[in-house]
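>
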């Protein structure tokens, strides 16, 4: 029986080239694929945008229908609509503790309906006070406080917390049976009675020189309008007699040394006048202290004189002028 060894050698000889050829083919294929992949762009360059979406599938008897999810709008339910409406109403509603709106139209109408006060500035006619009529460009007025009060002398009212009364006691005040002096004293006591212990005052009677009220030889000062001081002031007033000549300026300047809010100045003397230079000096001092000077003139004429230095004095110092006919006292 022939041996199989030659046949096996022949098969091995034929198989070896085929395996080598297959290996070479695969190596070449791998190299080609590697070269192709190496030509693809690398790095951080831009890449084409590809839209991505979400689709919803509707299974139908004969086909499947795809619909984008963005095209599907949910239908709000009745409860959702109610909640949205309630939230919007709550956001639009005002806070519970918010005060009711002011009636601005009514307030403005009330302000417009209030009458303006009338100023007796010493000038002819009446002047309506609009704004800060008691201030001026040169001097600064005093601001009001809780201690302020309003008192009056022969119809002229003054407001503040410190008052000085400068009254004429010259011999001419004895005329008409002494009625001018008696009327001045009575009006002064009445004015003091309108003050409280929160206000302060001083009395200066003058003829050819000023004489202030003093208690136990005290220096020139203001006194609290309490009961003991007012009682002492009344006794001092009742002790005053009229005599001598008249010199106005020194008494007014003494009063201004105290820096009061208001000076009530009363005299029956048109002569001598206060000189223009003294009027200006008094005005400067009054502006420095923020003092208002009211002037009351006693006279025997039925009507107030057309010209009077007292009118000028009041007008220059933001005060009021009043004429009193002593024959009617």
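Residue numbers (the numbering used here): 2 to 330. No residue lacks a Cβ here, since even glycine has one placed at the ideal position from N, Cα and C.
1. If you drop the 5 nearest sequence neighbours on each side, which residues of the same chain put their C-beta closer than 6 Å to that of residue 330?
2. Excluding five sequence neighbours on each side, which residues of the same chain lie with their C-beta closer than 8 Å to the C-beta of residue 280?
3. Apply the 10 Å Cβ neighbour rule to residue 1 and answer buried if 16 or more other Cβ atoms are within range, or exposed otherwise.
4. What does the alpha-carbon distance come out to for the pair residue 168 and residue 147?
5. Mark residue 308 as exposed unless 16 or more other C-beta atoms lie within 10 angstroms of its C-beta, in which case mark it buried.
6. Let me confirm a value: residue 323 is counted as buried when at least 16 other C-beta atoms fall within 10 Å, else exposed. Which label applies?
7. Any contact between the segment 261 to 273 and the segment 148 to 163? By contact I mean 3 or more CB pairs, one from each, below 8 Å.
8. Secondary structure at residue 276, three-state DSSP: helix, strand or coil?
9. Between the segment 219 to 229 and the segment 238 to 249, are three or more C-beta pairs nearer than 8 Å?
10. Where residue 196 and residue 287 are concerned, what is the direct C-alpha to C-alpha distance, given to the nearest angstrom?
11. Work out the CA separation of residue 198 and residue 327 for me, nearest whole Å.
12. Does the beta-carbon of residue 209 have 16 or more other beta-carbons within 10 angstroms, so that it is buried, or is it exposed?
13. Check whether the Cβ atoms of residue 243 and residue 204 lie closer than 8 Å to each other.
14. Apply the 10 Å Cβ neighbour rule to residue 28 and answer buried if 16 or more other Cβ atoms are within range, or exposed otherwise.
15. What are the complete beta strand (DSSP E) segments, minimum 3 residues, inside the segment 187 to 215?
16. How would you write the range of the alpha helix (DSSP H) that residue 298 sits in, first residue to last?
17. Between which two residues does the alpha helix (DSSP H) carrying residue 266 extend?
18. Per DSSP, which residues does residue 320 bridge with? Please list them.
Working from what's here:
1. Taking the first residue of the chain shown as 1, we reach residue 330 at position 329. Hits under 6 Å: 180, 184.
2. For this step, residue 280 is matched to residue 279 along the chain shown. The residues are 310, 313, 314, 317.
3. Residue coverage of the chain in this structure runs from 2 to 330, which leaves residue 1 outside it and unanswerable.
4. Along the chain shown, one-based indexing puts residue 168 at 167. Along the chain shown, one-based indexing puts residue 147 at 146. So the two alpha carbons sit approximately 28 Å from each other.
5. To locate residue 308, count along the chain shown from 1; it is residue 307. Looking at its Cβ environment, which holds fewer than 16 other Cβ atoms inside 10 Å, residue 308 is exposed.
6. Translated into positions along the chain shown, residue 323 becomes position 322. Classification of residue 323: buried, given that the 10 Å Cβ count is 16 or more.
7. yes
8. On the chain shown, position 275 is the one that residue 276 refers to. The answer is coil: DSSP assigns residue 276 none of H, G, I, E or B.
9. no
10. Here residue 196 is taken as the residue at index 195 of the chain shown, counted from 1. Here residue 287 is taken as the residue at index 286 of the chain shown, counted from 1. Computed Cα separation, rounded: 22 Å.
11. One-based indexing of the chain shown puts residue 327 at position 326. One-based indexing of the chain shown puts residue 198 at position 197. Cα to Cα, the separation comes out at about 33 Å.
12. Residue 209 sits at position 208 when you count from the first residue of the chain shown. Result: exposed.
13. Residue mapping note: residue 243 aligns to position 242 of the chain shown, counting from 1. Residue mapping note: residue 204 aligns to position 203 of the chain shown, counting from 1. No, they are not a contact pair.
14. Residue mapping note: residue 28 aligns to position 27 of the chain shown, counting from 1. Classification of residue 28: exposed, given that the 10 Å Cβ count is below 16.
15. 201 to 207, 211 to 213
16. As a position in the chain shown, residue 298 is number 297, starting the count at 1. Not the alpha helix (DSSP H): residue 298 falls in the beta strand (DSSP E), residues 293 to 300.
17. Within the chain shown, numbered from 1, the residue matching residue 266 stands at position 265. Secondary structure note for residue 266: it is in no alpha helix (DSSP H), and the uninterrupted beta strand (DSSP E) holding it is 263 to 268.
18. As a working mapping, residue 320 is identified with position 319 in the chain shown. The partner list for residue 320 (beta bridge, DSSP) is empty, contrary to what the question assumes.
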